[in-house]
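Enquirer:
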Amino acid sequence: MPVNKKISVILPTLNERLNIVALINRIHSELRDYNHEILVVDDDSPDGTYQVVLDLNYVYVKAILRTKNHGLANSIRCGLENAKGQIFIVMDSDFNHKPEYLSFMVQSLLHYDCVFASRFLYGGGMNNLLHQILSWVFNVFIRFMVGGKILDSLYGFFAIKRETIEQLNYDNIFWGYGDFCMRLLYYLQKNRADILQMPAVNGKRRGGKGNRRFLGVFFQYFVAALKLIYKARIKDKCIKK
């Protein structure tokens, strides 16, 4: 069944010069049967990522340079606010999120409001066993404390209808790093959005160095989780009373 709506793929970047061209070409190939645009939202990368994208001069690619208020979640918000499509796809820019899943995600929006990739469904997985165990435990903690049925609240690889995400207040969601995904899924479930979870295997970075501060990022996520738990279990219930 064809999808006739325009698709906007949002790629937040920071020092992805070695990956971004190959990724753009791969996304374009995977979505060749769809009307689509690719927005590269760059946080003023010292390695020249923004200029590399500009030099491509592809009509279906828009490069956005952000010189202040840096951060992953802020970059994603910028992409969402500048996207022209009726379907939004958000993914990492280092092949951590595999482009081969894109067509399935788009087609699934014929039946769902949004599709979120999950490393913890049968058929999904990660390359690093320790990271997988810690991430799985953390996601169990989130699910137990906040509620809902989402198995992977941190992966951040998703496709969503414009009208679904625009019902939400971006100020409540988009700040910090990957913890934005916890908040996004919380509010989507609160709005009773129809969410499909699909298994995904974590990809491998092709070039450059990723974020190696795993424990630091984990602590940041834990603090963000406590704030979300407070909102979900205490603050919102007090407001209802």
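Just so you know, the sequence shown maps onto residues 493 to 733 in our numbering. Idealized CB from N, CA, C, for every residue including glycine.
(1) So, residue 531 versus residue 501, is the Cβ gap smaller than 8 angstroms?
(2) State the beta-bridge partners of residue 580 as determined by DSSP.
(3) Look at the alpha carbon of residue 561 and the alpha carbon of residue 538, and state the distance between them as a whole number of angstroms.
(4) List, from N- to C-terminal side, the alpha helix (DSSP H) runs of 4 residues or more that fit wholly inside the region 582–649.
(5) Which residues bound the alpha helix (DSSP H) around residue 663?
(6) CB-CB under 6 angstroms to residue 624, same chain, minus the five flanking residues each way: which ones, in chain order?
(7) Would DSSP call residue 545 helix, strand or coil?
(8) Under the three-state reduction of DSSP, which class applies to residue 676: helix, strand or coil?
(9) On the DSSP bridge assignment, give the partners of residue 513 in chain order.
(10) Consult DSSP for residue 748 and reduce its assignment to one of helix, strand or coil.
(11) Quick one: what does DSSP say residue 532 is sitting in, helix, strand or coil?
(12) Classify residue 723 as helix, strand or coil using the three-state DSSP reduction.
(13) Can you have a look at residue 566 and say buried or exposed, based on whether 16 or more other CB atoms are within 10 angstroms of its CB?
Expert: Well, looking at it:
(1) A Cβ-Cβ contact shorter than 8 angstroms links residue 531 with residue 501.
(2) 500 and 652
(3) 16 angstroms
(4) 594–600 and 621–638
(5) Boundaries cannot be given for residue 663, as no alpha helix (DSSP H) includes it and DSSP labels it neither H nor E.
(6) Around residue 624, the same chain offers 618 as residues with beta carbons nearer than 6 angstroms, after the five sequence neighbours per side are excluded.
(7) helix
(8) Helix, per DSSP.
(9) Residue pairing by DSSP leaves residue 513 without any beta bridge partner.
(10) Residue coverage of the chain in this structure runs from 493 to 733, which leaves residue 748 outside it and unanswerable.
(11) strand
(12) helix
(13) buried
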